[in-house]
Amino acid sequence: MSIRPMKLEFDGAHGARLAARLDLPAGRIRAFALFAHCFTCSKDIPAARHIAGALAAEGIAVLRFDFTGLGGSGGDFSSTGFSSNVADLKLAADFLRRNYEAPQLLIGHSLGGAAVLSVAGDIPEARAVVTIGAPADADHVLHNFNGAEENIRRDGSGEVDLAGRTFTIRSEFLDDLAEQTVRDKVSRLGKALLVMHAPLDDTVGIDNATGIFVAARHPKSFVSLDKADHLLSRSADAAYAARVIAGWVSGYLDPEPVASAGEAGDGVEVVETGQGKFQAMVAGGPHRLIADEPAAYGGLDSGMSPYGFLSAALGACTVMTLRMYADRKGLNVDRIGTQVLHGKVHAADCEDCSRDLREKAGRIDRFERIITLEGDLDPDTRARMLEIADKCPVHKTLEAGAAVVTHYRGDKD
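Those letters in the sequence shown? Residues 853 to 1265, by the numbering used here.
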């Protein structure tokens, strides 16, 4: 399950701030994906939410955003075109590359599918592309204008009713669509492609899927969305598409490395993301986590605080130490849990602390562990398990203290 989507912003092709959401996995991040919504839609349509959630459950973070002039984004929609949407996508990829990691997966719904096919060549890190109900040619969208093209070209602009909303379309928009060569981009894609389309789609006909699939080179795949409509408005259809994408893309991502026992690796690296006041990306080997502060302290509350990570280290080490002891002794312990509470207290008031700590001046850090042992254990064994908990290496480090040596990167090269 993903954590609550994080609200983000970045500059679009026309200089307006674009509203975005980043769905992050609850734990390790395997890769990042970029999602492009359909024409005049938004990042929050059901299909986008379902796909982002399903991919997050598989360890893939998903950035979805509103194109210029749509949804929560700024700017004037009438001044945009297909080319500006492609430019917005490229800037979204740059935003991920700069603050997190470049996207390895591109997903586009309807005209957003044509857009990701067009931009894929400009995102070298992208390994796989998914289109959902995408047109084979960008100007396919004109059939939704109900014959308004002639008036738009004559007057320079005109109003078009799309999905119950009125949009102003300029003649430059029509010219931009006519100049696009999506099929040519598909033939030179050079990336794995998954084409998903509903046979009963009456907005973008199934023949468009054929055009894209035939133009593409292998590796390419096609999945029929059976009785789904164009917007995948039924949650079951959106959820199915999401599960298929999550399973399909796994074959094109790097295999998860398996560290050998005792391997120290290259430590942990923490870098600011540029979002909020405190948010930072924590990277250790193949694992990615977000560190932050609560909203009350000026953060986005998008990840654990530094002391939260420290408490987690103590809790995880305690559980692992107790499990190793229980297995070695053949104890009947079904499940082990530890809750860790952290706070700062006056040393003199810490009755359950050691004498050395109580004699210190001022306030000290106090970690309290509340251990749960599920299983058939007698009182003596439970008492012994509490003693073993104190042998946890992180526990010993916290009690003994540690040396922290600091220098600038490159000082010791």
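Glycine residues also receive a C-beta, built at the ideal position from the N, C-alpha and C atoms.
Asked, Found
"Assigned exposure category for E1145 - 16 Cβ within 10 Å defines buried", "buried"
"Proximity of F934 and L870 at Cβ, strictly below 7 Å", "no"
"Simplified DSSP assignment, three categories, for G1155", "coil"
"Cβ-based neighbour list, V971, same chain, cut-off 7 Å, excluding 5 preceding and 5 following", "V938, L941 and K942"
"Stretch-stretch touch, CB-based, cutoff 8 Å, three pairs: the stretch 1237-1257 with the stretch 1155-1171", "yes"
"Counted within 10 angstroms of its Cβ, other Cβ atoms place D875 as buried (16 or more) or exposed", "buried"
"H1049 classed as buried or exposed, judged by whether at least 16 other C-beta atoms fall within 10 angstroms", "buried"
"Proximity below 7 Å, CB of I1064 to CB of V1047", "yes"
"Inside the stretch 863-947 only - alpha helix (DSSP H) runs reaching at least 4 residues", "898-909"
"N-terminal and C-terminal residue of the beta strand (DSSP E) that A1143 is part of", "H1139 to A1143"
"Residue from V1197, M1237 and P1231 with nearest C-alpha to M1176", "M1237"
"Touching by the beta-carbon criterion (3+ pairs, under 8 Å), the stretch 1079-1097 and the stretch 894-912", "yes"
"Spatial distance of A1165 from L1052 (CA atoms)", "52 Å"
"Residues that S1076 bridges to, as DSSP identifies them", "H1049"
"Exposure of T983, with buried meaning 16 or more beta-carbon neighbours within 10 Å", "buried"
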